[in-house]
Amino acid sequence: MSAPAKKVLLIGWDAADWKIINPLLDQGLMPTLNEFVNHGVIGNLATLRPILSPMLWNSIATGKRPDKHGILGFMEPDPQAGGVRPVTSTSRKVKAIWNMLTQRGYKTHVLGWFAGHPAEPISGISVSDLFPYAVAPMDKPWPLPPGAVHPEGLRDTFAALRMYPGEVSEAAILPWIPRAAEIDQEKDKGLQSFAKILSENCSIHNAATWILQNQPWDFLAVYYNVIDHFCHGFMHYHPPRMEGIPEDKYEIYKDVVNGAYRFHDMMLQTLLDLAGPETTVLIVSDHGFHSDHLRPRGIPLEPAGPAVQHRQFGILCMKGDHIKQDERIYGATLLDVTPTILTLFGLPVGEDMDGRVLVQAFEDMPAITRIPSWEDEAGECGMHPADLRMDPAAAQAVLQQFVALGYIQPLSEDQEKAVALALREQQYNLARAYLDSRRYQKALAIFEDLVGKWPDETRFMQQLAQCDLALEKRAEAKDLLRKLMTLKPKVRGSAGQGGAPREAEPRAETNANLPAEAMVSRKPAPSEEEEFKARPWADLLMGIIQFEEGDMDAALACLLKAESADPHLPDLHLRIGETYLRLKRIDDADRAFQRALDIDGDSPEAHLGLAVVRLRQRRNEEAAEQALLAVGLQHFLPLGHFHLGVALARLGHINRATLAFETSLSMLPGLMAAHRWLAALYRQPGGDLEKALRHQEIFFRRRREVRAQA
Amino acid sequence: MITIVSGLPRSGTSLMMQMLAAGGMPILSDGERVADADNPRGYCEWQRIQQLAKEPGCIDEAEGKAVKVISQLLFALPIGHSYRIIFMERPLLEVVASQAEMIRRRGTTGAPLTEAALIAGLKAHLNQVNAWLAQKRDNLVTRVEYHSVLGDPRSAAGKVQNFVQRELDIECMARQVDSSLYHKRIQEA
Numbered sequence: 028m029s030a031p032a033k034k035v036l037l038i039g040w041d042a043a044d045w046k047i048i049n050p051l052l053d054q055g056l057m058p059t060l061n062e063f064v065n066h067g068v069i070g071n072l073a074t075l076r077p078i079l080s081p082m083l084w085n086s087i088a089t090g091k092r093p094d095k096h097g098i099l100g101f102m103e104p105d106p107q108a109g110g111v112r113p114v115t116s117t118s119r120k121v122k123a124i125w126n127m128l129t130q131r132g133y134k135t136h137v138l139g140w141f142a143g144h145p146a147e148p149i150s151g152i153s154v155s156d157l158f159p160y161a162v163a164p165m166d167k168p169w170p171l172p173p174g175a176v177h178p179e180g181l182r183d184t185f186a187a188l189r190m191y192p193g194e195v196s197e198a199a200i201l202p203w204i205p206r207a208a209e210i211d212q213e214k215d216k217g218l219q220s221f222a223k224i225l226s227e228n229c230s231i232h233n234a235a236t237w238i239l240q241n242q243p244w245d246f247l248a249v250y251y252n253v254i255d256h257f258c259h260g261f262m263h264y265h266p267p268r269m270e271g272i273p274e275d276k277y278e279i280y281k282d283v284v285n286g287a288y289r290f291h292d293m294m295l296q297t298l299l300d301l302a303g304p305e306t307t308v309l310i311v312s313d314h315g316f317h318s319d320h321l322r323p324r325g326i327p328l329e330p331a332g333p334a335v336q337h338r339q340f341g342i343l344c345m346k347g348d349h350i351k352q353d354e355r356i357y358g359a360t361l362l363d364v365t366p367t368i369l370t371l372f373g374l375p376v377g378e379d380m381d382g383r384v385l386v387q388a389f390e391d392m393p394a395i396t397r398i399p400s401w402e403d404e405a406g407e408c409g410m411h412p413a414d415l416r417m418d419p420a421a422a423q424a425v426l427q428q429f430v431a432l433g434y435i436q437p438l439s440e441d442q443e444k445a446v447a448l449a450l451r452e453q454q455y456n457l458a459r460a461y462l463d464s465r466r467y468q469k470a471l472a473i474f475e476d477l478v479g480k481w482p483d484e485t486r487f488m489q490q491l492a493q494c495d496l497a498l499e500k501r502a503e504a505k506d507l508l509r510k511l512m513t514l515k516p517k518v519r520g521s522a523g524q525g526g527a528p529r530e531a532e533p534r535a536e537t538n539a540n541l542p543a544e545a546m547v548s549r550k551p552a553p554s555e556e557e558e559f560k561a562r563p564w565a566d567l568l569m570g571i572i573q574f575e576e577g578d579m580d581a582a583l584a585c586l587l588k589a590e591s592a593d594p595h596l597p598d599l600h601l602r603i604g605e606t607y608l609r610l611k612r613i614d615d616a617d618r619a620f621q622r623a624l625d626i627d628g629d630s631p632e633a634h635l636g637l638a639v640v641r642l643r644q645r646r647n648e649e650a651a652e653q654a655l656l657a658v659g660l661q662h663f664l665p666l667g668h669f670h671l672g673v674a675l676a677r678l679g680h681i682n683r684a685t686l687a688f689e690t691s692l693s694m695l696p697g698l699m700a701a702h703r704w705l706a707a708l709y710r711q712p713g714g715d716l717e718k719a720l721r722h723q724e725i726f727f728r729r730r731r732e733v734r735a736q737a
Numbered sequence: 002m003i004t005i006v007s008g009l010p011r012s013g014t015s016l017m018m019q020m021l022a023a024g025g026m027p028i029l030s031d032g033e034r035v036a037d038a039d040n041p042r043g044y045c046e047w048q049r050i051q052q053l054a055k056e057p058g059c060i061d062e063a064e065g066k067a068v069k070v071i072s073q074l075l076f077a078l079p080i081g082h083s084y085r086i087i088f089m090e091r092p093l094l095e096v097v098a099s100q101a102e103m104i105r106r107r108g109t110t111g112a113p114l115t116e117a118a119l120i121a122g123l124k125a126h127l128n129q130v131n132a133w134l135a136q137k138r139d140n141l142v143t144r145v146e147y148h149s150v151l152g153d154p155r156s157a158a159g160k161v162q163n164f165v166q167r168e169l170d171i172e173c174m175a176r177q178v179d180s181s182l183y184h185k186r187i188q189e190a
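Protein chains in written order, with my numbering: chain U, 28 to 737; chain B, 2 to 190.
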């Protein structure tokens with residue numbers, strides 16, 4: 028059987044979000060994408076936590092979570108020059124899709140991918156993420172950094188494809204910022220930021236179109252960061268006008284974000300024309316970007332703090348032969364991209380990958396083959412030699428050894444601080460990645476270490492408390508919360524605090540690209556003293572503990588206290604709703620989950636909560652609808668499938684209900700109620716008595732065990 | 002032409018510098034780091050080389066001479082010069098043991114790694130250095146095994162003379178190798 032795709036074009040639009048795209052499609056302002064989605068499938072692409080782009084784009088490219096691929100943040104120690112540097116391709120521990128395809132003889136190209144420097148020696152052209160950055164004024168030489176282009180022989184060709192910020196003309200600026208002439212460029216650096224971001228992405232686009240026009244290819248991956256950078260720089264000017272944003276600035280910059288999307292639409296048309304109709308095309312983003320009432324009031328003073336603006340759903344669009352047309356698919360995560368591309372080429376999926384093939388996007392069920400791991404496959408794959416891929420922490424230790432021997436000068440105080448911060452943040456991000464994948468014990472060990480070393484970092488204590496909660500170590504969590512209550516507020520910018528050292532902040536997510544005016548004009552985060560006094564999140568956590576200890580009245584009191592201080596706290600209304608459910612106050616629970624959906628209409632947990640409410644109200648069809656929405660937004664939601672099963676069973680859809688219960692058990696094998704339901708459903712006429720007995724036996728055994736433990 | 006003596010710390014770089022000096026090669030050294038129990042005949046170092054990353058121009062002073070540039074600092078060598086690099090090699094187990102002894106005497110704190118992890122780290126570092134050397138095709142490189150110098154100093158001196166393309170006093174170079182001293186230290190290691 029031939030592979031479903033001859034060629035695959037993977038386009039990365041960092042931070043692209045349906046919430047902005049849909050109105051533009053409705054207004055006819057993204058005609059190319061509109062045509063694309065009418066002939067392909069679309070869906071949300073659930074992200075991973077922490078929502079940090081280098082980690083996410085490497086998960087997209089490998090199908091693996093960050094603990095496996097090894098890219099753990101924006102910065103890493105630089106063992107050659109000392110200090111820190113942006114994360115590199117030599118720190119990635121596993122093969123990316125372009126390595127797997129190189130290994131199987133496909134002509135493969137990759138452009139601008141996060142952590143792509145130095146360029147990898149793949150079968151085609153590799154252009155690193157350091158390629159487009161303009162580091163010199165127009166009248167000065169602008170050499171490409173060593174290792175920015177593979178093969179080396181094309182270095183001069185690609186150097187000539189770059190665009191200087193100074194080449195961004197008035198004609199290019201005015202469609203985005205019609206009132207650019209009113210900007211006082213001495214005070215407001217917005218135009219300079221704009222030109223820099225635009226020119227860098229034009230450089231990447233030039234490189235992509237050159238390859239499509241001049242090189243043979245089977246696979247091309249190209250990454251653009253315009254949307255993410257413009258959103259970080261200009262989203263607070265996006266309509267509707269946010270409180271605290273001056274009207275004159277709003278009028279000047281309000282169209283920039285929409286302009287970024289329209290610009291991508293134009294670039295997309297060129298890419299599609301050059302790629303040809305026989306190409307299967309995927310457009311993906313690593314996360315969304317809050318663009319409405321959920322825009323944060325300020326940016327936390329901590330490394331990678333701007334990531335608070337990221338939304339948990341990116342976009343997925345896919346079009347090509349054997350792909351469904353004009354359909355929406357549900358439950359996709361960014362881990363699914365690489366397994367799906369492998370299947371498009373008829374190649375096996377690694378069993379060690381964390382994602383799955385998006386079979387729901389195919390017209391017919393594709394043939395899926397598997398191998399234990401691509402890492403064990405022999406042959407040239409175009410990664411850097413294994414001995415060049417050095418763990419940055421180990422490299423830093425070797426450097427410390429040379430300093431101790433007196434052969435190398437110690438790092439400067441700033442460099443040392445930057446290195447310590449980079450290593451600390453990598454550990455923090457690793458622990459959060461473990462937390463995200465429910466590997467709580469692994470997360471716990473790291474959080475405990477971080478809290479021991481940096482006892483004043485409240486975010487570490489907060490995460491540790493959440494980890495304790497997940498592990499049902501409620502007493503430890505309570506202790507931590509009490510300790511937090513006694514901490515004195517931090518002094519802003521003092522040494523060792525989260526927000527102090529800005530030098531280790533990421534390039535892509537930093538405020539460096541923000542217009543200077545914007546930095547001062549937007550509403551700042553509440554002062555730490557204010558936050559400290561309120562401590563709504565501490566009340567939230569304490570409420571969760573009370574809930575899990577079974578004291579619903581105390582839980583509700585804590586949660587309502589948190590609500591009065593910060594009604595927008597993530598998950599707060601879900602917890603309030605769950606507490607009302609336990610108190611059998613169904614109408615109050617209904618209102619709480621509705622409130623959660625008012626805040627975030629894409630919350631799978633809120634839809635799940637409403638499904639439970641509707642079941643209690645015996646409104647079974649609505650319950651099924653809500654449960655379907657929940658699992659559509661987040662496929663790995665065992666209770667979502669369970670409650671869907673209950674609703675379907677009540678509606679008499681026995682087969683579909685059985686499938687839903689089986690799905691819930693595949694995700695959560697200890698879900699006793701699902702065994703009980705299946706035991707009953709399999710006893711129905713036309714069922715399977717053997718299965719019924721097996722589920723019944725499991726149910727009774729588990730119940731005995733639970734009672735014995737109690 | 003600049004002659005660079007390089008390698009890991011404690012791989013025999015000081016010995017090679019002493020041999021070159023004895024053979025008549027001008028060396029760039031400031032004598033700031035004085036002889037001690039770890040290097041009884043001195044280090045033959047030029048402390049300013051530690052600033053190479055910040056002041057790449059300082060290497061100009063080594064033109065026509067030999068200078069010790071530890072492996073880690075090779076990455077900072079600026080283009081614009083012609084380098085001949087004598088790269089010393091010694092078994093990593095010995096290197097690590099010797100480094101540990103030196104760190105103990107200096108009272109400093111080394112890498113927070115086990116011996117095995119440190120050896121792995123040094124291997125990875127050497128791989129990066131070798132990759133860098135392979136990239137810089139304008140530079141000439143010769144590798145000299147520490148034990149071959151101890152075992153047959155004259156042959157080693159001859160090899161170095163051929164490499165630097167300069168008349169050196171082979172006998173004087175060979176006499177710098179006090180094999181009893183080095184053998185004792187290997188046993189200690």
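Think of the CB as a built atom: it goes at the ideal place given N, C-alpha and C, for glycine as much as any other residue. Quantities reported herein were computed from a predicted structural model and do not represent experimental measurements.
Check, Outcome
"Using 8 Å for Cβ pairs, my map puts ILE120(B) next to LEU141(B). What's the rounded Cβ distance?", "Contact doesn't hold; Cβ gap of about 29 Å is too wide."
"Is ASP598(U) near the ligand MG, going by C-beta to nearest heavy atom under 8 Å?", "The ligand MG is absent from the structure shown, which contains no ligands of any kind."
"In this structure, does DSSP put LEU656(U) in helix, strand or coil?", "helix"
"In the structure shown, what three-state DSSP assignment does MET89(B) receive?", "strand"
"VAL249(U) lies in the beta strand (DSSP E); which residues open and close that run?", "246-251"
"If we count Cβ pairs, one from each stretch, closer than 8 Å, do we get three or more for the segment 363-379 of chain U versus the segment 124-140 of chain U?", "yes"
"Check for me: the beta strand (DSSP E) holding VAL145(B) runs from which residue to which?", "141-146"
"Assign ALA535(U) to buried or exposed, taking buried as 16 or more other Cβ atoms, counted over all protein chains shown, within 10 Å of its Cβ.", "Here the model assigns ALA535(U) a pLDDT of 35, short of 50, so the residue's position is not dependable, and the following value carries that caveat. Buried."
"Around the C-beta of HIS337(U), are 16 or more other C-beta atoms found within 10 angstroms, so that it is buried, or is it exposed?", "buried"
"By Cβ distance, which residues of its chain are closer than 6 Å to CYS408(U), with the 5 residues on each side in sequence left out?", "LYS122, ASN126, THR129, GLN130"
"If you measure between the beta carbons of GLU484(U) and ASP495(U), is that distance less than 9 Å?", "no"
"What are the boundary residues of the beta strand (DSSP E) that CYS344(U) is part of?", "340-346"
"Report the option in PRO712(U), LYS351(U), GLN454(U) whose CA atom is closest to the CA atom of ASP391(U).", "LYS351(U)"
"State the Cα-Cα distance for the pair LEU675(U) and ILE279(U), rounded to the nearest angstrom.", "53 Å"
"Where do the N-terminal and C-terminal ends of the beta strand (DSSP E) with HIS136(U) fall, by residue?", "135-138"
"Are the CB atoms of MET380(U) and THR89(U) nearer to each other than 9 Å?", "yes"
"Do three or more CB pairs link the segment 75-84 of chain U to the segment 443-459 of chain U at distances below 8 Å?", "yes"
"Just checking my contact of SER156(B) with ILE86(B) at CB under 8 Å: how many whole Å lie between their CB atoms?", "Incorrect: roughly 20 Å between the Cβ atoms, too far for contact."
"Please determine, among ARG107(B), ARG106(B), TYR147(B), the residue with the shortest C-alpha to C-alpha distance to ARG91(B).", "TYR147(B)"
"In its own chain, which residues sit with a C-beta less than 8 Å from the C-beta of VAL335(U), not counting the 5 before and 5 after it?", "PRO323, ILE326, PRO327"
"Pull up the distance between the alpha-carbon of ASP275(U) and that of MET269(U), whole angstroms please.", "13 Å"
"Do MET18(B) and SER30(B) have their C-beta atoms within less than 9 Å of each other?", "yes"
"Which of the three DSSP states, helix, strand or coil, is assigned to ARG11(B)?", "coil"
"So what does DSSP say about ASN538(U), is it helix, strand or coil?", "For ASN538(U), the predicted model reports a pLDDT of 36, less than 50, meaning its position is unreliable; a value from the coordinates is still stated below. Helix, per DSSP."
"To the nearest angstrom, report how far apart VAL130(B) and VAL150(B) are at their CA atoms.", "22 Å"
"Do the segment 159-169 of chain U and the segment 422-442 of chain U make contact, defined as three or more Cβ pairs closer than 8 Å?", "no"
"Please state the DSSP three-state secondary structure of LYS718(U).", "helix"
"Where does PHE185(U) fall in DSSP's three states?", "helix"
"Using beta-carbon positions only, say whether ILE69(U) and CYS344(U) come within less than 9 Å of one another.", "yes"
"Whole angstroms are fine: how far does the CA of SER153(U) sit from the CA of PRO178(U)?", "7 Å"
"Give me the Cβ distance between GLY315(U) and PHE340(U), rounded to the nearest whole Å; I'm assuming they're in contact under 8 Å.", "5 Å"
"Please classify HIS634(U) as buried or exposed, where buried requires at least 16 other C-beta atoms within 10 Å of its C-beta.", "buried"
"Please identify, using Cβ separations under 7 Å, the residues of the segment 60-73 of chain B that lie next to chain U, in order along the chain.", "ILE71, GLN73"
"Return helix, strand or coil for ILE272(U), following the three-state DSSP convention.", "coil"
"Checking contacts by CB at 9 Å: is GLY109(U) closer than that to chain B?", "yes"
"Please report the residue range of the beta strand (DSSP E) in which ARG112(U) lies.", "111-113"
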